[in-house]
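Colleague:
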Amino acid sequence: PQPLTFLLEIDMDIVSVAQMRDIERAADAAGLSYGQMMHRAGTYAAAVIHRRMAGWCAAESDRPVHVLILAGPGNNGGDGLVCADELHRLCAAEPDGAGCTVQVYLLKPRPEDDAVFEPLRAAGVFVADAVSDMRLRVLRQLVNHADIIVDALLGTGVSRPIEGALRDMLGILRAAAEGASRRRPVIVALDGMTGMNYDTGALDGAAVPADLTIAFHAPKRGHYCFPAAGEGGELIVAPIGIDELPGDVRKQVMAIPPAEQVSLVDAVLLRQALPRRQADANKGSSGKVLVIGGCSNYPGAPALAANAAYRAGAGLVTLAVPQAVQPSAAVLCRESTFVTLDGSVDSLSVASLQRLESAVAGLDRRHAIVLGPGMGQAPAARDFLVTLLAALGRNTEHIRLVVDADALNHLAMLPDWHRLLPDDSILTPHPGEMARLTGASINDIQSDRIGHALHDSHQWGHTVVLKGANTVIAHPEQGAVVLPHANPALAVAGTGDVLAGAIGGMLAQGLEPFAAAYCGASLHALAGELWRKQHGTAGMLAGDLLSLLPDVLNSALHNELVSGSRNTALG
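Every position in the sequence shown, counted from 1, becomes a number in this note's numbering once 133 is added.
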């Protein structure tokens, strides 16, 4: 199979604002001062910008490239001033001395003896500020002549709506970025866009989208949460010296409790976790999946899940569906075996459980249950679910369960529903289902996807796969991982059933729930990326993913995964 869009092997943690502050505080106490970290950050950002400058401005190589640094009064502004000083030095060192010019515009004046400001004055770099610039006329001129504009106005500390002079400055920057009066400059954000919430990804209305974001030390949670994730452009991570501390010191500085750790799923993590089929494998050793679901309104959903479990590597898949669904399911997934359910013809009901009891009693760790695809919301199906979970509870030692779709909607209507599930079950809600399970609104869920997934997984004691752009997988004790994929092609009915089946297939092959969840979700996302690469962002059918799952599984196992959808990389 052709190489797939995925993540480089970069072992990337994602941190909250509080965690980053703790890391910096500990690094300072360990001998790496805040000033040194700022110098590393600004110097590295300048190197990245200088290295890309020719490509960005190739069309006008006969004149100097104009770089404008917009700097705020805090640490982010300090990073920008160091970046300006280093860029000026790099430009001056070029053979003709005219490769680029650097200018600085301050939100507020800096003291003459400011450690990061004084070198700019000494070097003769042009500096202006908003306090002395009546009606921001100088800023407009600078912006109109700039080829590259660096946003170093506000960093992680933004906590209230942007107003006043800063809002006016961003308005001028936005007009330039939208190409209102001239060709559009390249916008580079240091650590993040001004007006971005670094924990949730929320954006102030005044925020200006960036073409490139240079994050310092590690991506912040907001870099992978929308809307910020869709506006920050390419994401590069720049080291600030923490990785160079001695091993024991570095480990202590970067210590985050396992349950609070968040990382990016990368090619190494996936390759290490995926199951490998031995030469003497048989269908029993490859795991068995029992898919329970379906109703007359949704006959295709359980078959999609069953096919996905097979395509993810399961050795045998059994479908337990209502009588009305079985004929079509047998056509849609010819390789499945069936548990013929009595009772209601059109939907699952308590009367249909008798045939399932012997199948449930024989489950062991080579089995997985995928519960919910196409189940429907009939009251009879809810009674079935409650009674089934009670039966599963009598065999908790071996039950490995994925709960999806309407099974989640039924659970949301039951008190203490999470206590009804076998230990460390896997829940696969989309934001609407997550809202029902928590009692929060969809907007609340989407406003802090990583935070909600971590909190609720810990509260419930189960693995949570919060579906959507940049899916979050959280475990009550092992923290969370984020998939770097936001693919609108997957916004179509049935893709969730494929996801549940892929996770079930991973679970049946012996992976622990957390690994099964992120491996299954990764294969699903990668299949979607491959389809998008071939066809675009619309027109997918959920079944299109099925034949691609073996391709992406093979690519992952053989180290053929390349750069990711946000092209996240170390600088």
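We treat Cβ as the ideally placed atom computed from N, Cα and C, and that holds for glycine.
Could you tell me if R154 is buried or exposed, where buried requires 16 or more neighbouring beta carbons within 10 angstroms of its beta carbon?
Modeller: exposed
Colleague: What are the boundary residues of the alpha helix (DSSP H) that Y238 is part of?
Modeller: Counting along the chain, Y238 falls outside any alpha helix (DSSP H), though it belongs to the beta strand (DSSP E) covering 233–239.
Colleague: Pop quiz: L541 and P562 are said to be a contact at Cβ under 8 Å. What is the actual Cβ separation, rounded to whole angstroms?
Modeller: 5 Å
Colleague: For S292, is the classification buried or exposed, using 16 other Cβ atoms within 10 angstroms of its Cβ as the cut-off for buried?
Modeller: exposed
Colleague: Name, in chain order, the residues that DSSP records as bridge partners for G612.
Modeller: H608
Colleague: In chain order, what residues of the same chain lie with their CB nearer than 7 Å to the CB of L223, ignoring the 5 residues before and after it?
Modeller: A179, H183
Colleague: I need the boundaries of the beta strand (DSSP E) containing V450, first residue and last residue.
Modeller: Element bounds for V450: 449–454.
Colleague: Verify the contact flag: G210, CB atom, against every heavy atom of the ligand MG, threshold strictly below 7 Å.
Modeller: In the structure shown, the ligand MG is absent, as is every other ligand, since no ligand is present at all.
Colleague: Which of the three DSSP states is assigned to S166 in this structure?
Modeller: coil
Colleague: Counting Cβ pairs closer than 8 Å, one from the stretch 531–545 and one from the stretch 499–514, do we hit at least three?
Modeller: yes
Colleague: Could you pull the start and end residues of the beta strand (DSSP E) that L599 belongs to?
Modeller: 596–599
Colleague: Give, in chain order, every unbroken run of the alpha helix (DSSP H) that is at least 4 residues long and sits entirely within the stretch 250–327.
Modeller: As far as the stretch 250–327 is concerned, its whole alpha helix (DSSP H) runs of at least 4 residues are 251–256, 270–278, 297–310.
Colleague: Per DSSP, what are the beta-bridge partners of M153 in this structure?
Modeller: Answer by DSSP bridge pairing: none, since M153 is not bridged.
Colleague: For T470, collect the residues of the same chain with a Cβ closer than 6 Å to its Cβ; drop the 5 residues on either side in sequence, then sort them by chain order.
Modeller: T451
Colleague: Using the three-state DSSP reduction, which class does D381 fall into: helix, strand or coil?
Modeller: helix
Colleague: If you follow the alpha helix (DSSP H) that I578 is in, where does it begin and where does it stop?
Modeller: 575–580
Colleague: Can you name the residues that DSSP bridges to K353?
Modeller: Answer is V148.
Colleague: Just to check my reading of the structure: V258 and V237 have Cβ atoms closer than 8 Å, yes? What is that Cβ distance to the nearest angstrom?
Modeller: 6 Å
Colleague: State the start and end residues of the unbroken beta strand (DSSP E) segment that holds S396.
Modeller: 395–397
Colleague: Residues in the same chain with beta-carbon distance under 8 Å from H221, minus the five sequence neighbours each way, listed in chain order, please.
Modeller: Same-chain partners within the cutoff: V235, L253, A256, V258.
Colleague: For the beta strand (DSSP E) holding T473, just list the boundary residues, first then last.
Modeller: Residues 470–473.
Colleague: Which residue spans inside the stretch 491–564 form an unbroken beta strand (DSSP E) run of at least 3?
Modeller: Whole beta strand (DSSP E) segments, 3+ residues: 500–504, 534–536.
Colleague: Count the C-beta pairs between the stretch 650–669 and the stretch 678–687 that are closer than 8 Å, then say yes if the count reaches three, no if not.
Modeller: The answer is yes - the stretch 678–687 touches the stretch 650–669, with three or more Cβ pairs under 8 Å.
Colleague: So which of V395, L403, L323 has the shortest CA-CA distance to E367?
Modeller: L323
Colleague: Can you round the beta-carbon distance between G705 and A441 to whole angstroms, since I take them to be within the 8 Å contact cut?
Modeller: For residue 705 there is no data in the structure shown, the boundaries of the chain being 134 and 704.
Colleague: Exposed or buried, which one is R317 when buried takes at least 16 other CB atoms within 10 Å?
Modeller: So R317 ends up on the exposed side.
Colleague: How would you call L674, buried or exposed, if buried means at least 16 neighbouring beta carbons within 10 angstroms?
Modeller: Within 10 angstroms of the beta-carbon of L674 lie fewer than 16 other beta-carbons, which makes it exposed.
Colleague: Out of R552, G629, V597, state which residue places its alpha-carbon closest to the alpha-carbon of P646.
Modeller: Checked all of R552, G629, V597; the closest Cα to P646 is V597.
Colleague: Under 8 Å, with one C-beta from each stretch per pair, do the stretch 405–412 and the stretch 374–393 reach the 3-pair mark?
Modeller: no
Colleague: Select from I559, L525, L570 the residue whose C-alpha is nearest the C-alpha of L547.
Modeller: L570
Colleague: For G168, which residues of its own chain have a beta-carbon under 7 Å away from its beta-carbon, when the five flanking residues on both sides are left out?
Modeller: A248
Colleague: Using CA atoms only, rank isn't needed, just tell me which of G584, E610, D218, A371 is closest to Y204.
Modeller: For clarity, residue 204 is Ala in the given sequence; the question names Tyr instead. The residue with the shortest Cα to Cα distance from A204 is D218.
Colleague: Use the C-beta contact count for S491: other C-beta atoms within 10 angstroms, 16 or more gives buried, fewer gives exposed.
Modeller: Its Cβ having fewer than 16 others within 10 Å, S491 is exposed.
Colleague: Is it buried or exposed, N692, if we count other Cβ atoms within 10 angstroms and call 16 or more buried?
Modeller: With fewer than 16 other CB atoms across the displayed protein chains lying within 10 angstroms of its CB, N692 is exposed.
Colleague: Closest to V215 by CA distance: which of R499, E245, E251, P242 is it?
Modeller: E251
Colleague: Helix, strand or coil for C466 per DSSP?
Modeller: coil
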